Amino acid sequence: MSICVVDVHKSFGSGSDRKEVLRGVDLKINSGSMYVLTGPNGSGKTTLLKLLATLVVPERGAISINGCDALKHPVKARRFTGLVYDAERSFYQMLTAEENISFYARMAGVDGALLGERFDLLCNVLNISSFRDTKFGHCSSGVRQKLAIARALITDPPVILSDEPTRSIDEASKAEICNYLKTIVSSGGKTCIVVTHDRAEALALGGRAGFLEEGKLKE
Amino acid sequence: MNLLSAFLLRDIAIEKTYRFQLAVRLIDVIFQLSVFYFIGTLVSMRDYFPFVFVGLMFSRFFQFWLNVFSQNIRQEQFWGTAEALFLSPRHPLAVVAAGAMGKFLFLIGELALFLALARYVFGVRLSFSPLGFIMVLAVCGIMFAGIGLVSGSIILYAKRGDPVNWFVSGSFDILSGVYFPVTVLPPAMARIANILPTTGALSTLRGILLEGNPPQLHDFYILSLWAAATCAAGYISFMLAYKKTRQKGELGTY
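Next comes the structure, spelled out in structure tokens:
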């Protein structure tokens, strides 16, 4: 089992401002599978991804990633995940695309020739080779989104958590990214959760699908 | 080492884009020393400038450690990169500590500039053993980093308004003998000043730099005890703030 979520509850705020975002979510995903998560705005999709990425902790429940208890050992669990999120603000504007990706890769322990090889591969797949030396602040939204994908994949994690990975990306690139994600899931044995509002993208990705509404997950 | 090299390479790349800022910081050292040199001339105290020069250098060192973690955390939150940093498979404290190392190298440059200007431009007679000087600064750095970590923890959790920084910084300037000897303070304040580890550390540093005194073992014991206490406080407060901030889901907000 790659991802195991059992009876997870999460709320934000306190007193009258308290909002219960997840109400007893259960989710089990095997290794080498694609899971597409949809649901209306504010239904808790991003919160669920952040819980899996250990950026947020639940009030109740259990989460394990690749057999690692993510609540007891969050640092270890992070070795197994790559999170695609917030492309607009989670990079250093004054650094180039390559400097940004290299920084995050080195932080995760990927350096030297391996870093170069992986970055070259991702530049080709994502079609961003010509933006390697462009400062992040000068990149378009689409390129920024592709860099967010590159950052998540540069460490070659077994579990990929993608929050609207093709937002702001042109149609042709969308199809290429979906195909690439499908390929690394089917032939690379990765587990991928994709949050999307795009019905066509959900269909293109295939795999299991879940619908999150009012904090409850339905499949 | 990957973590350190990642931050160093990042900070060098960032500093390259803000070259003017580096120049301003260096010029600031010259301005600060010049102002106190002329004040020393005005009050006709021959020994005032050497006295205050060590105080100013120590104060810069203290302020660096007091502020570096909180400033870094706040800056990463403001840039939107804080969550991405905490996503890395490293202990969060290691991430915050490594984030300070690039700026620490600039601090070393500033301290070297302080010493060079004092010696070669303002004519201060320095007769010190580098080893004793480095050892005192190292223990003080650990002690101050512990306090700075408490300050950083408050910023991580509360985002703004850090009473620890405000209180420690204010009392340091008045009570530690940076600008004037603690003997000029009223007796009650002087008693408090003498309890503070910074007062003793600064006095030891003045002895080392200006009189060539070797550092006393007794001073090291006291400073080491303070360093252990502040580091423990820093570690506990940071881990608590990190846990509470993750519970609130606000690692990246400011």
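Each protein sequence line maps, in turn, to chains A and B.
At position 48 of the first sequence (counting the first as 1) the number is 48 in our numbering, and the numbers step up by one without a gap.
At position 208 of the second sequence (counting the first as 1) the number is 208 in our numbering, and the numbers step up by one without a gap.
Note that the Cβ used here is the ideal one computed from N, Cα and C, for glycine as well.
Only a predicted model underlies this, so the values are computations on that prediction, with no experimental measurement involved.
Query	Result
Among residues of its own chain, excluding the 5 on either side of B/Q63, which ones have a beta-carbon nearer than 8 Å to its beta-carbon?	S169
Which two residues bound the contiguous alpha helix (DSSP H) that contains A/A53?	No alpha helix (DSSP H) contains A/A53, which DSSP labels as neither H nor E.
In three-state terms, what does DSSP make of A/K218?	strand
Kindly indicate the opening and closing residues of the alpha helix (DSSP H) around B/M57.	48-79
Does the CB of B/L87 have a neighbour CB from chain A at under 8 Å?	yes
Can you tell me whether B/N67 is buried or exposed? The criterion is at least 16 other CB atoms within 10 Å of its CB, across all chains shown.	buried
Where do the N-terminal and C-terminal ends of the beta strand (DSSP E) with A/Y35 fall, by residue?	34-38
Where in the segment 121-186 of chain A do unbroken runs of the alpha helix (DSSP H), each at least 4 residues long, occur, reported from the N-terminal end onward?	141-153, 171-186
Is the number of C-beta pairs between the segment 82-89 of chain A and the segment 143-153 of chain A that are closer than 8 Å three or more?	yes
Smallest Cα separation from A/G207: which of A/Y104, A/L181, A/E164, A/K216?	A/L181
Under a three-way DSSP split, which group does A/G188 fall into?	coil
With a Cβ-Cβ cutoff of 8 Å, do A/G32 and A/T191 count as a contact?	yes
Could you say which of A/G109, A/S102, A/S141 lies nearest to A/L122 if we only look at CA atoms?	A/S102
If the cut is a Cβ gap below 7 Å, which residues of chain B does A/G109 touch?	N2
Would you kindly work out how many angstroms separate the C-alpha atoms of A/S16 and B/G152, rounded to a whole number?	30 Å
Please report how far the alpha carbon of B/I236 lies from the alpha carbon of B/T253, in whole angstroms.	22 Å
B/Q247 touches chain A at which residues, Cβ-Cβ below 7 Å?	V57
Starting from the C-beta of A/D163, find all residues in its chain whose C-beta is less than 7 Å away, skip the five residues before and the five after it, and write them out in chain order.	T46, L49, V84, Y85, V195
Less than 8 Å separating the beta-carbons of A/T134 and A/T96?	yes
Here's the rule I'm using: 16 or more other beta-carbon atoms within 10 Å means buried, otherwise exposed. How should B/W226 be labelled?	buried
Find the residues of chain A that neighbour B/A13, judging by a C-beta separation of less than 7 Å, and give them in chain order.	L95, E99
What does the Cβ neighbour count give for B/E76, buried or exposed, with the cut at 16 atoms within 10 Å?	buried
Taking Cβ positions only, does B/G255 come closer than 8 Å to chain A?	A query on residue 255 of chain B cannot be resolved here, the shown segment of chain B reaching from 1 to 254 and no further.
Tell me which residue opens and which closes the beta strand (DSSP E) that A/E20 is part of.	19-29
Please state the DSSP three-state secondary structure of A/H197.	coil
To the nearest angstrom, how far is the alpha carbon of B/S224 from that of B/K16?	37 Å
For a test of the three-state rule: what should DSSP assign to B/T17, helix, strand or coil?	helix
So if I threshold CB-CB distances at 7 Å, which residues from the segment 118-151 of chain B count as touching chain A?	none
Against chain A, does B/A6 count as a neighbour if the rule is that its beta carbon must be under 8 Å from one of theirs?	yes
Can you tell me where the beta strand (DSSP E) holding A/H9 begins and where it ends?	3-12
Short of 7 Å Cβ to Cβ, which residues in the segment 155-171 of chain A face chain B?	none
Straight-line CA distance for B/M101 to A/A209?	45 Å
Does DSSP classify A/A62 as helix, strand or coil?	strand
In the structure shown, what three-state DSSP assignment does A/R208 receive?	strand
Return the residue from the list A/I169, A/G188, A/I160, A/S168 that minimises the CA-CA distance to A/V36.	A/I160
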